[in-house]
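Enquirer: Quick one: the structure is below, and I'll ask about it shortly.
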Amino acid sequence: MKTIYLDNNATTQTAPEILEEIVPYFHEEYGNPSSAYSFGGRVASKIKKAREQVAAFLGAEPEEIVFTSCGTESDNTAVLSALATRNDKRHIVTSRVEHPAIRSLCAHLERKGRRVTEIPVDGEGHLDMERYRRSLTPDTALATLMWANNETGVLFPVEEAARMAREKGILFHTDAVQAVGKIPVRLKDSAIDMLSLSGHKLHAPKGVGVLYVRKGTKFSPFMIGGHQERGRRGGTENTPGIIGLGMACDLAAAKMNEENARVSALRDKLEDGLTRSVPNCRVNGDRASRLPNTSNISFEFVEGEAILLMMDEFGICASSGSACTSGSLQPSHVLRAMGVPFTMAHGSIRFSLSIHNTEEEIDFVLDKVPHIIGRLREMSPFWNAGRRTCAAS
Ligand code: PLP
């Protein structure tokens, strides 16, 4: 059975040309880039090139690029560094819809005595900018906001938010893990002090990420060890991953405009087709201001997990906003923050496309999913009774 992979916000396929390029760095050019001999030096020069490629893609300087192991590490490093270098300040401003890489860390820091303000979003997923502005106080060490939401794709105006923070002397970090590679990012003239990205979201391998740190920003490392990354991140470099990420940035830069138009047309076809053929469903998040590849659709009175299982029978991969924890299905914190009703939030599916998806795949999904929803609803007492589940919730 063919796999129809529509879960590219979870991870992407490593581009074949990247894979081909990096394989020799596992078994031929496997030297340690810190070694003095040329067997290591050759690898070091590849890392230098990758740093330049990433910097060029972000509109940044190579010295501003710190290679890490993933988006989570970059996010954690940014937040902890801001707190360590502004130790007299206790307050962090963030949003209610961040990825757990920020949200769980902030909850942890709150338990340790820091103050955290989570800015709400409206029904379309937009940040309340007035609340954000008012929440920036002299005690605020850092504002951290995601650029693009991983569940809905909705974009936050991070450049404006960064300017507002800078005016008050507050550091600004953005979790751009879903944005980089999908929309243009240019840091040079922005007020963004730190930015996180993750290789495996843009067709590089897993196990590599970047933290951009603007020149002049005080920094405190998270991984303390060797002198790698100019003392900003100890640990022997993931050479193949870093080389792959440099290439992924070049590939994304070359194809972004053309591919975005194609991918968003496929996404819109999928969305329009499903909303036309399935009653009681809706698209979550502002359709105009979001990533070109992401669609979050709620199907009322069915469980997202059940939809995923039935799609899996046809080889269709997507993800649901619900997390199955200890027998109870918790709807996504993002959809709850947007005020999506429980009966809708429980049946939400995130489809996230990539440059590898085709029109035939979308046609296949449009053929199967309406039947899947129909079958599940036939089994649903709530659908049959025409009333709401979880009304009390
Ligand atoms: N931030 C966002 C918005 C994400 O979507 C993800 C992963 O899904 C992460 C952070 C974490 O990235 P990683 O898996 O590289 O740790």
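Our numbering numbers the first residue of the sequence shown as 249 and each following residue consecutively. In this text, a Cβ means the ideal position worked out from N, Cα and C, and glycines have one as well. Predicted model only: the values in this text are computed from it and were never measured.
1) Quick check on the burial criterion: 16 or more other C-beta atoms within 10 angstroms. Buried or exposed for Thr422?
2) Look up Gly457 in the DSSP assignment and give the residues it is bridged to.
3) Glu553 lies in the alpha helix (DSSP H); which residues open and close that run?
4) For Glu607, which residues from the same chain have a beta carbon less than 8 Å from its beta carbon, with the 5 sequence-adjacent residues on both sides left out?
5) What do you get for Leu459, buried or exposed, if any count of 16 or more other CB atoms within 10 angstroms of its CB means buried?
6) Using the C-alpha atoms, what's the distance from Leu539 back to Phe404?
7) DSSP state of Ile490, grouped into three classes?
8) For Val617, does the count of other Cβ atoms within 10 angstroms reach 16, so buried, or fall short, so exposed?
9) Rounded to a whole number of angstroms, what is the C-alpha to C-alpha distance between Thr484 and Met592?
10) Contact check, Ile418 vs Leu443 under 8 Å by CB: the rounded distance?
11) Could you tell me if the beta carbon of His581 falls within a distance shorter than 7 Å of some heavy atom in the ligand PLP?
12) Relative to the ligand PLP, what is the chain-ordered list of residues with a Cβ closer than 5 Å to any of its non-hydrogen atoms?
13) Just to confirm the assignment: which complete alpha helix (DSSP H) runs, minimum length 4, are found wholly within the segment 282-315?
14) Spell out the partners DSSP gives Leu435 in its beta bridges.
15) Within 10 angstroms of its Cβ, does Leu624 collect 16 or more other Cβ (buried), or is it exposed?
16) What is the DSSP secondary structure of Tyr278, reduced to helix, strand or coil?
Expert: On the basis of the coordinates in this document:
1) The residue labelled residue 422 in the question sits at position 174 within the sequence shown. Counting every other CB atom within 10 Å of its CB across the protein chains shown gives Thr422 a total of 16 or more, marking it as buried.
2) Walking along the sequence shown from the start, residue 457 turns up at place 209. Answer is Thr316 and Ser446.
3) As a working note, residue 553 is residue 305 in the sequence shown. It spans Gly552 to Asp560 - the alpha helix (DSSP H) in which Glu553 sits, taken as one unbroken run.
4) Numbered from 1 along the sequence shown, position 359 holds the residue referred to as residue 607. Taken in chain order, the residues that qualify are Leu514 and Lys517.
5) Translated into the one-based positions of the sequence shown, residue 459 becomes position 211. With 16 or more Cβ atoms within 10 Å of its Cβ, Leu459 is classed as buried.
6) To locate residue 404, count along the sequence shown from 1; it is residue 156. To locate residue 539, count along the sequence shown from 1; it is residue 291. Spanning the two alpha carbons is a distance of roughly 11 Å.
7) Locating residue 490 in the sequence shown gives position 242, counting from the first residue. In the structure shown, Ile490 falls within a helical segment according to DSSP collapsed to helix, strand and coil.
8) Here residue 617 corresponds to residue number 369 of the sequence shown, with the count starting at 1. Taking a 10 Å sphere around the C-beta of Val617, we find 16 or more other C-beta atoms and assign the residue as buried.
9) The sequence position of residue 484 within the sequence shown is 236, counting from 1. The sequence position of residue 592 within the sequence shown is 344, counting from 1. Using only the alpha carbons, I get a separation of about 46 Å.
10) Walking along the sequence shown from the start, residue 418 turns up at place 170. Walking along the sequence shown from the start, residue 443 turns up at place 195. About 16 Å separates the CB atoms of Ile418 and Leu443; that is not less than 8 Å, and the two are not in contact.
11) Locating residue 581 in the sequence shown gives position 333, counting from the first residue. False, no ligand heavy atom lies under 7 Å from that Cβ.
12) Output, sorted by chain position: Cys318, Gly319, Thr320, His347, Ala349, Asn398, Asp423, Val425, Gln426 and Ser446.
13) Unbroken alpha helix (DSSP H) stretches of 4 residues or longer found wholly inside the segment 282-315: 286-306, given in chain order.
14) Stepping through the sequence shown from its first residue, residue 435 is reached at position 187. Answer is none; Leu435 lacks a bridge partner.
15) Position 376 of the sequence shown, counting from 1, holds the residue named residue 624. Counting Cβ neighbours within 10 Å, Leu624 comes out buried, since at least 16 surround it.
16) The count along the sequence shown starts at 1 and reaches residue 278 at position 30. Coil, per DSSP.
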